[in-house]
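Heads up: the sequence lines are chains A and B, in that order. Numbering of the first sequence is given in the numbering used here, commencing with residue 1 and proceeding in unit increments. Numbering of the second sequence is given in the numbering used here, commencing with residue 1 and proceeding in unit increments. From the three backbone atoms N, C-alpha and C, an ideal C-beta is built for every residue, glycine too. First up is the structure itself, then whatever we jot down about it.
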Amino acid sequence: MTRLETAGGLIGRTVERVEDAGLLTGRGRYIDDLPVRRDTAHLAILRSPHGHAEIRAIDTTAARALPGVVAVLTGEDVVRLTRSMTVGVKANVECWPIARDRVRYVGEPVALIVAENRYVAEDALDLIEVDYETLAAIVDPEKALAADAPVLHPSLGTNLINERNFRYGDPEAALATAAHRISIRIAYPRNSCTPIETYGVIAEYDAAEDAYDVTANFQGPFSIHAVISRALNVPGNRMRLRTPPDSGGSFGIKQGVFPYVILAAVAARVAGRPVKWIEDRLEHLTASVSATNRVTTLEAAVAADGRITALSWDQLEDCGAHLRAPEPATLYRMHGNMTGAYAIENVSIRNRVVLTNKTPTGLNRGFGGPQIYFALERLVNKIADKLGLDPLDVIRRNLVPADAFPYRTATGGLLDSGDYQTALDRACAEGGLEALQQRRDAARAEGRLYGIGYAAVVEPSVSNMGYITTVLTPEERAKAGPKNGAQAVATVAIDPLGSVTVKVASVPQGQGHRTVLAQVVAERLGLAMEAVRVNTELDTARDAWSIASGNYASRFAPAVAGAAALAADRIRARLAAIAAGQLNITADRVDFRAGKLFDRDNPDNAVSFGRVAAASHWAPGTLPEGTGQTIRETVFWTPDELQAPTAADGINSSLCHGFIFDFCGVEIDRTTGQVRIDRYVTMHDCGRILHPGMVDGQVRGGFAQAVGAALYEEYAYGGDGSFLTGTLADYLIPTVMETPEPLILHHETPSPFTPLGAKGVGEGNCMSTPVCIANAVADALGVEDIRLPLSPSRVSEWLYGEERPPTKPQDAAPVATGASGERMLTGSGSAEVTATRDSVWAMLLDPNTLKAIIPGAHEVRKVSNTHFRAEVTLGIGPVKGRYRADIRLSDMVAPEAVTLSGGTEGALGSGRGTGRVTLTETATGTRIDYRYEAAIGGKVASVGGRLLDGAARVVIGQFFQALARHAGGGAPPSAPAGLLQRLVALFRRRR
Amino acid sequence: MPRMNAARKHPVDFTLNGKAVRAEAENRMLLSDLLRHEIGLTGTHVGCEHGVCGACTVQIDGKPARACLTLAQQVRGSDIRTVEALSPDPAKLSRLQAAFRRHHGLQCGFCTPGILMSLDALLREHPDAGREDIREHLSGHLCRCTGYATIVEAALAAAEEQRKEEKPNA
């Protein structure tokens with residue numbers, strides 16, 4: 001391992017973290033642990049069960065009447081007190097944190113309940129009645145562009161909210177003259193790094209000052225503070241935003257808490273009391289932010305030797321139902337490094353942003369990287385395949401040369417430093433590539449499915465706050481004024497007894513910022529780490545901050561730690577000047593070590609740090625002429641390299657660019673289709689390493705999440721927009737059993753642009769690992785169209801083709817009624833009763849009988865001879881809820897057959913279906929045969945997917961069993977459990 | 001057990017971290033909510049409320065259990081231990097906690113209390129636990145920060161130390 005040595009210093013050492021003693025003993029202070037005012041009420045949110053529907057009416061009467069309910073707000077109540085959230089592109093569209101007249105994704109807030117406690121608030125949710133008229137939903141970004149596709153926002157008139165075309169160099173000529181044109185098409189799925197702590201907000205409104213005070217586990221960027229203030233219609237100084245001391249992880253996701261900051265703030269205002277909201281896991285999976293899904297076509301112009309001379313990108317970005325700040329940033333974050341680690345001079349890019357009936361997207365670790373590198377590195381792999389070259393040779397031939405740094409990319413990025421060739425060679429040698437290749441050959445010789453994959457990636461860090469304006473045309477930018485830079489801020493303060501406090505606006509989410517800052521500042525001031533205390537809570541009313549503040553874009557080590565070093569250096573220079581007077585030497589001879597300032601040439605001539613530091617407090621009159629105070633120094637640092645986009649759309653989107661080269665070996669189980677990562681090697685150049693343990697922690701953590709993205713995780717939607725992965729039993733996160741230990745290697749080339757030479761390292765493996773694994777799977781299977789996640793069922797399809805229809809004859813399927821992709825349930829059964837056919841027929845049409853036999857029915861009303869309304873309570877697995885059912889009878893052939901069709905609607909979801917009932921006379925009475933088909937959406941579809949078939953079968957079976965009992969047949973009434981078991985057995989037999 | 005009125009609170013008596021406790025809880029109140037919001041011990045964290053993530057793991061009569069899947073009324077008469085019991089003094093971490101700090105077995109620390117409670121029970125009941133036992137036990141917990149490797153190393157180190165201390169001459 002190559003590492004810059006810091007002689008006797010603290011920087012670069014794996015010291016124990018100052019955060020850990022508290023966290024390990026249950027003394028962390030996360031948002032849900034903070035003390036609140038005694039009159040704090042709790043917020044619960046009613047959410048849409050539909051992917052796309054008009055809201056016809058909302059009846060909150062019963063909810064308001066529930067004891068303990070303090071306030072109920074609908075979309076219109078929120079709209080009255082707020083403004084639409086700012087949208088980052090020019091488009092005629094509004095963006096509200098709650099639905100008004102239309103819901104556009106499952107989980108979209110529809111109403112807010114404020115109540116004495118969370119239990120009562122959630123009770124009240126069940127009492128709100130919303131009348132929806134469902135609309136056709138669109139979940140596929142390509143289909144959303146079709147001329148006849150349902151349009152989400154009528155004011156926009158289309159689902160295509162933004163399109164920009166870019167051209168750098170002469171890509172057309174390069175493509176026209178290339179020896180080969182090779183292209184690949186990629187559909188990257190939606191996933192999320194899902195922190196274990198969910199969102200939380202505590203909001204208060206001060207009516208006397210018209211000011212909001214909100215504590216939220218928000219992570220930044222604090223440019224969002226401007227969006228919140230504007231939405232709440234107050235100046236920024238009346239929107240105080242604070243963050244708790246500890247956060248239970250974020251990985252970008254907690255940027256997305258901000259719409260709830262607005263909702264909780266308004267709820268507190270209406271309720272006249274502080275309001276607290278803690279998101280639950282179903283809400284988090286359904287409605288917090290995720291990465292974008294993206295469809296990319298990437299074409300390369302390739303010379304005969306594998307040199308890439310041009311890239312042509314066509315990216316279709318799916319940002320979900322609303323374009324929420326800072327989107328479409330996912331699409332533009334990588335704009336300066338769209339050529340990856342390669343020297344490619346000609347580039348064209350078409351970027352389109354489309355809206356679909358899915359949850360709005362936002363920050364997620366890797367932010368834009370996984371999507372582009374999946375396309376780019378799959379393409380490099382394909383080029384090697386097509387040209388019969390070794391993929392490593394294609395990579396090597398195209399890497400940016402080591403002597404070219406700082407290297408200006410075609411799209412305007414400035415790659416700060418690196419030696420990609422050496423890093424790659426070291427990785428191959430130290431990571432044992434040759435042995436791995438032999439291992440693959442041996443496995444293949446035995447007939448096993450084994451593949452090796454590679455990925456070379458540039459990891460950007462410290463985002464240019466101006467990069468997102470690349471989405472505007474040069475003319476629009478000129479009108480709006482240039483945006484650029486990235487202010488990092490750090491304060492170093494010394495109290496009257498000489499102890500040091502560091503304050504930053506970095507809002508850590510568990511990475512250990514306090515430890516690293518103590519290392520950096522203690523080293524600069526010659527103190528023990530314990531003498532420096534670091535505070536990372538942020539309070540916008542009291543602390544130094546700016547729009548770039550927060551925890552994202554891997555900016556801590558390069559930017560924030562650097563700003564702290566600069567602040568410490570300024571204080572150090574003044575302390576040296578003061579000490580020089582006391583020691584009777586010149587300032588340049590003053591050195592700092594072990595809590596003392598001393599004469600470098602005569603260490604016995606020394607004075608204590610505390611004594612020098614105290615002078616500014618106790619005796620400012622003794623400071624040498626022209627020497628400033630040493631009480632507090634705040635440094636704002638923004639790098640000059642982060643310029644606004646040029647007139648030609650060139651943009652240096654990030655300050656630092658680390659390098660990663662990964663390779664891995666995977667084996668695929670021929671029987672199950674399971675992908676096993678046999679070996680994984682990851683080489684990182686993240687500049688100067690400040691804390692090796694934390695750097696490796698970032699690499700391992702990102703790697704584990706990337707393994708999840710590659711093999712298990714996807715936010716899955718049905719064709720009707722229903723969300724299908726609402727529990728952690730459906731959205732599969734790798735446990736220790738699925739997470740291999742990668743070999744981590746480092747090669748350090750310090751960044752010339754950052755104060756400490758450090759670069760970001762937090763996100764790289766989320767960019768490199770999914771495609772590295774995919775390339776290995778492609779190598780093992782010889783399949784080109786690799787889609788993530790690489791679940792056993794998907795891999796089995798490639799191994800064996802699509803599942804064949806069963807050979808045994810099945811019941812003819814009932815007429816299909818569901819939209820494609822909707823979760824459909826079908827079933828059939830029969831029951832024998834002793835009653836005559838006519839009396840059974842009469843029962844089916846009688847509301848009193850129906851009330852007695854519909855499972856969980858409270859009330860059945862006859863609207864007409866062929867139309868009934870019912871209120872029922874149904875439990876499916878752990879989820880019990882109240883539903884309103886609307887049933888119509890048709891195709892009636894009295895007394896032989898009838899079709900029941902209808903829908904149910906409730907807090908837990910919705911369903912609709914049809915069933916055909918036929919009555920046949922038998923020797924002993926009547927046989928009732930039924931066949932049904934149902935589609936289910938909303939919460940039950942999200943959490944109960946795997947339970948639904950069985951549960952529906954039982955419920956429908958209960959109905960007919962009760963009918964049979966009522967008609968003098970079937971089982972006599974008995975204990976529910978016994979009945980249930982018998983029913984299950986009965987229907988198993990009859991299937 | 002007598003039928004209890006769902007609309008009001010009922011007393012629950014149990015032992016919490018070695019001390020007798022009397023709390024009041026509605027029938028439907030979760031143990032996790034009772035510990036955190038009624039008693040004020042916020043070290044037990046809630047990550048999913050459906051028993052998958054393991055952050056809320058406490059020990060009920062010595063066995064690891066999900067506090068989010070346990071009703072407060074179910075622990076009458078039980079002996080409950082939470083992460084706060086592992087070291088009363090943060091200046092003096094337990095063997096297991098110290099190993100976590102040394103090996104960087106945590107980042108955000110949100111899943112950590114549950115993991116500590118599971119491993120604490122494992123190392124008490126199976127002092128000879130090896131890597132595979134530890135991994136098996138940890139598979140009931142989700143951690144999004146660490147990638148698990150350092151957690152396994154910390155647990156192995158703590159187990160090794162425990163064995164040395166208990167059999168100093170072995």
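- The straight-line gap separating the alpha-carbon atoms of residue 581(A) and residue 624(A) is approximately 7 Å.
- No Cβ-Cβ contact shorter than 8 Å links residue 392(A) with residue 182(A).
- Runs of the alpha helix (DSSP H) lying entirely within the segment 76-139 of chain B and spanning at least 4 residues, in chain order: 95-102, 112-125, 131-138.
- Contact between the segment 159-171 of chain A and the segment 66-80 of chain A is absent: fewer than 3 CB-CB pairs across the two stretches fall below 8 Å.
- Per DSSP, reduced to three states, the secondary structure at residue 428(A) is helical.
- At a cut-off of 4 residues, the continuous stretches assigned as alpha helix (DSSP H) that sit fully inside the segment 196-281 of chain A are 223-232, 258-271.
- By the Cβ rule, the segment 364-382 of chain A counts as touching the segment 451-471 of chain A, because three or more pairs are nearer than 8 Å.
- Between residue 105(A) and residue 411(A), the C-beta spacing is not below 8 Å.
- Of all alpha-carbon atoms in 852(A), 773(A), 866(A), 962(A), the one lying nearest the alpha-carbon of residue 381(A) is that of 773(A).
- Chain A has no Cβ within less than 8 Å of the Cβ of residue 10(B).
- A straight line joining the alpha-carbon of residue 220(A) with that of residue 150(B) spans about 28 Å.
- At a Cβ-Cβ threshold of 8 Å, residue 725(A) and residue 285(A) count as neighbours.
- Assigned with DSSP and collapsed to three states, residue 616(A) falls in helix.
- Proximity of chain B to residue 729(A) at the Cβ level (cut-off 8 Å) is accounted for by 50, 52, in chain order.
- Residue 145(B) holds the alpha-carbon nearest to the alpha-carbon of residue 250(A) among 157(B), 161(B), 101(B), 145(B).
- DSSP places residue 494(A) within a strand segment (E or B) once states are collapsed to three.
- Within chain B, the residues whose beta carbon sits less than 7 Å from that of residue 693(A) are 104, listed in sequence order.
- For residue 683(A), no chain B residue has a C-beta closer than 8 Å to its own C-beta; the minimum C-beta separation is roughly 17 Å.
- Beta bridge pairing from DSSP links residue 399(A) with 342(A).
- Residue range 654-668 is occupied by the beta strand (DSSP E) that includes residue 654(A).
- Within the segment 54-88 of chain B, contact with chain A at the beta-carbon level (separation under 8 Å) is assigned to 55, 82, 83, 84, 86, 87.
- Annotated three-state conformation of residue 862(A) is strand, per DSSP.
- For residue 292(A), the number of other beta carbons within 10 angstroms of its own is at least 16, and it is reported as buried.
- The residues 51, 52, 104, 105, 137, 138, 139, 152, 321, 721, in chain order, have a CB closer than 7 Å to that of residue 357(A) in the same chain once the five nearest residues on each side in sequence are set aside.
- The alpha helix (DSSP H) runs of length 4 or more contained entirely in the segment 552-618 of chain A are, from start to end of the chain, 561-583, 609-618.
- Not a single CB atom of chain B sits nearer than 8 Å to the CB of residue 608(A).
- Contacts with chain A at 8 Å (Cβ-Cβ) do not include residue 129(B).
- Looking at the DSSP output, residue 917(A) shares a beta bridge with 898(A), 930(A).
- Among the residues of chain A, those whose CB is under 8 Å from the CB of residue 139(B) are 735, 736, 737, following chain order.
- Straight-line measurement puts the Cα of residue 860(A) at about 7 Å from the Cα of residue 868(A).
- Secondary structure at residue 521(A): helix, using DSSP grouped into helix, strand and coil.
- Listed as beta-bridge partners of residue 832(A) by DSSP are 927(A).
- Neighbours of residue 159(B) in chain A, taken as residues at a C-beta separation under 7 Å, are lacking, since the least C-beta distance is about 15 Å.
- Straight across, the Cα-Cα distance linking residue 496(A) with residue 682(A) is about 48 Å.
- Of the candidates 847(A), 796(A), 702(A), 833(A), 702(A) places its Cα closest to the Cα of residue 252(A).
- Comparing alpha-carbon positions, the option among 94(A), 337(A), 294(A) lying closest to residue 325(A) turns out to be 94(A).
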